[in-house]
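Data first, discussion second: the structure below is written as structure tokens.
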Amino acid sequence: MFVSGNIRKSTMHNHPFVSEAHEGKPWFEWIVLGIVVVIAVVAAFGYTMAATVLLSVTAITTGLIRLIMREKSPWKVRSVAFDSFIGIALGIGLLITYFSFFGLFSSAFLR
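Numbering (our numbering), first residue to last: 745 to 855.
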């Protein structure tokens with residue numbers, strides 16, 4: 745419904761906010777970006793295991809920060825549950841996937 749040319753806002757806020765006013769802190773996001781750039785450089789030099797572990801630790805850390813600090817967290821994308829699950833699951837899943845190749849192809853890696 746339109747009121748004076750503006751869209752009337754709903755009084756229900758049962759959904760997570762998706763606006764810059766409610767997102768994470770830019771300083772923390774820049775730190776994460778810096779870590780990702782370091783990870784990309786490490787991977788470019790051929791240290792894929794180190795890059796994978798760093799990326800996993802970064803994802804798990806951001807997930808734990810969101811889980812522990814909840815609404816005061818500097819890392820916000822959606823809801824606490826979503827952000828925590830995605831960060832922690834990405835980190836653990838990436839490690840499991842990367843290191844499973846060593847089990848599957850161990851004879852090729854040991855040569």
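We treat Cβ as the ideally placed atom computed from N, Cα and C, and that holds for glycine.
Out of the options, point me to the one whose CA is closest to residue i's CA.
| i | options | result |
| --- | --- | --- |
| Phe829 | Phe772, Leu811, Ser800 | Leu811 |
| Trp774 | Leu839, Pro818, Val785 | Pro818 |
| Leu808 | Phe772, Ile832, Tyr791 | Ile832 |
| Lys769 | Val780, Leu848, Thr806 | Thr806 |
| Val780 | Ala803, Tyr842, Ser823 | Ala803 |
Can you tell me which of the three DSSP states residue i falls into?
| i | result |
| --- | --- |
| Phe789 | coil |
| Val780 | helix |
| Val821 | coil |
| Ala794 | helix |
| Lys816 | helix |
Below 8 Å on the Cβ atoms is my contact criterion, and I expect residue i with residue j to pass it. Report the Cβ-Cβ distance as a whole number of Å.
| i | j | result |
| --- | --- | --- |
| Asp827 | Lys820 | 7 Å |
| Gly835 | Ser800 | 4 Å |
Cβ of residue i versus every heavy atom of the ligand FMN: is any distance shorter than 7 Å?
| i | result |
| --- | --- |
| Ile779 | What this structure holds is no ligand at all, so the ligand FMN is not there to describe. |
Quick check on residue i - is its C-beta less than 8 Å from some C-beta in chain D?
| i | result |
| --- | --- |
| Val801 | Judged by its chain identifiers, the structure shown contains no chain D, having just a single protein chain. |
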